[in-house]
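In the numbering used here, the protein residues as written are 413 to 693.
Here's what the structure looks like:
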């Protein structure tokens with residue numbers, strides 16, 4: 413069997429209410445040479461039954477259930493390990509791809525052989541797919557960006573400028589070369605992989621939003637904001653120790669201060685959105 417150009421991999425866990433919309437958005441891509449792999453992490457809410465409805469499509473491969481335990485790292489790596497495509501995109505089971513997402517990102521990587529990641533901005537939407545914020549991410553990065561510059565910009569910003577996994581298309585061989593997904597800092601599992609890949613390759617930054625990130629009520633707690641800031645500070649220090657020629661002590665201090673501010677600004681925004689959502693229901 414000929415390998416597809418792209419593997420879109422979807423790890424699921426307790427996503428019954430959103431996963432059908434996610435998979436439908438993947439299958440509606442204008443770029444057609446892809447496979448869609450799904451691994452459910454022993455959900456108990458009927459997610460698996462929702463997934464079964466998509467197995468008639470020959471592009472869809474539903475893996476056996478991932479045994480419970482191990483968190484996101486276990487299920488993300490399991491479905492990634494099964495990918496056969498030259499390029500890889502992980503999509504969490506409550507996010508959305510816009511129809512030209514794969515086409516634009518494949519075109520970008522094909523045009524820039526030194527790039528290991530094609531990253532696009534994303535919209536933020538509520539549980540009913542209503543727009544909250546438009547075209548977020550990437551900071552001032554545009555076009556081909558050297559890997560070292562992309563990492564420095566991300567550390568200084570104190571936030572994941574490349575966004576969630578659905579924003580990015582990566583070269584599969586580089587993902588495997590750097591060891592896949594690691595949850596050493598669980599809230600930065602995606603940013604950790606991007607930084608590792610960017611040690612070996614450049615970034616292509618695309619200005620348009622090509623995906624949507626769904627805001628949920630699990631993102632509003634004080635404890636979460638504090639944990640995100642602490643993990644960002646630890647991550648910045650680790651990147652500095654592993655790649656001192658790219659990240660300076662000043663970058664770490666600046667980024668960690670920005671991470672704390674960003675975590676609390678994010679929490680404030682989520683509180684406002686929660687009230688708006690309740691008012692609209």
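Heads up, the beta-carbon is just placed ideally off N, CA and C, and yes, glycines get one too.
None of these values were measured; they are calculated from a predicted model.
**Message:** Mapping the DSSP letters down to three states, classify residue 657 as helix, strand or coil.
**Reply:** coil
**Request:** Confirm, please, whether the CB-CB distance from residue 529 to residue 580 is below 8 angstroms.
**Result:** yes
**Prompt:** Where does residue 704 fall in DSSP's three states?
**Reply:** This structure gives no information on residue 704, because the portion of the chain shown stretches from 413 to 693.
**Prompt:** According to DSSP, which residues form a beta bridge with residue 580?
**Reply:** 531
**Every unbroken beta strand (DSSP E) inside the segment 416-474 [3 residues or more]** = 418-424, 446-452, 472-474
**Prompt:** Should residue 413 be labelled buried (16 or more other beta-carbon atoms within 10 Å of its own) or exposed?
**Reply:** exposed
**Message:** Any contact between the segment 571-588 and the segment 609-619? By contact I mean 3 or more CB pairs, one from each, below 8 angstroms.
**Reply:** yes
**Asked** Between the beta-carbon of residue 446 and the beta-carbon of residue 421, is there less than 8 angstroms?
**Response** no
**Prompt:** Distance, Cα to Cα, residue 610 vs residue 460?
**Reply:** 35 angstroms
**Request:** Assign residue 682 to one of three DSSP states: helix, strand, or coil.
**Result:** helix
**Request:** Mind checking which residues open and close the beta strand (DSSP E) that includes residue 617?
**Result:** 614-626
**Message:** According to DSSP, is residue 560 part of a helix, a strand, or is it coil?
**Reply:** helix
**Request:** Using only alpha-carbon positions, find the residue among 418, 566, 589, 659 that is nearest to residue 514.
**Result:** 418
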